[in-house]
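Yeah, the sequence shown ends on 1472 if you go by this note's numbering, and it's all consecutive.
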Amino acid sequence: MGVLPCWRGNCDNIMCDRYSSKYGYICFDCYEELCSTTPASIKEFMDSDPIDKNEIPTVDYNKIFKHRRDRDHDADDDWETV
Ligand SMILES: [Zn+2]
């Protein structure tokens, strides 16, 4: 069996189990992403690049939503108790 490169964006996956006569091959990861998002159109989705899973988020959510175990005792950071 030869390689079946994913047709989506710059995806370099070469193991595709799904094929569309219109849009070509799509790999498991891209298919999952397609199912979990709602692109304006399939063509637009296929033209976009896969999410880079190694990309560091621009916002450090961990600093905004602090975990209880990391709570410090700064006056600004008092946790409200109900
Ligand atoms: Zn892919």
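Each residue gets a CB set at the ideal place from its N, CA and C atoms; glycine is no exception. Computed from a prediction, not measured in an experiment: that's the story for all the values here.
Query	Result
Any non-hydrogen atom of ligand 1 within 7 Å of Asp1419 CB	yes
Residue burial classification, Tyr1415 (beta-carbon count within 10 angstroms, cutoff 16)	buried
Extent of the continuous alpha helix (DSSP H) run through Ser1410	Where Ser1410 is concerned, there is no enclosing alpha helix (DSSP H), although the beta strand (DSSP E) it sits in stretches over 1408 to 1410.
Cβ-based burial, Met1436 [other Cβ within 10 Å; buried from 16]	buried
heavy atom of ligand 1 below 7 Å from Ile1432 C-beta	no
Residue(s) in a DSSP beta bridge with Gly1399	DSSP output for Gly1399 lists no bridge partner at all.
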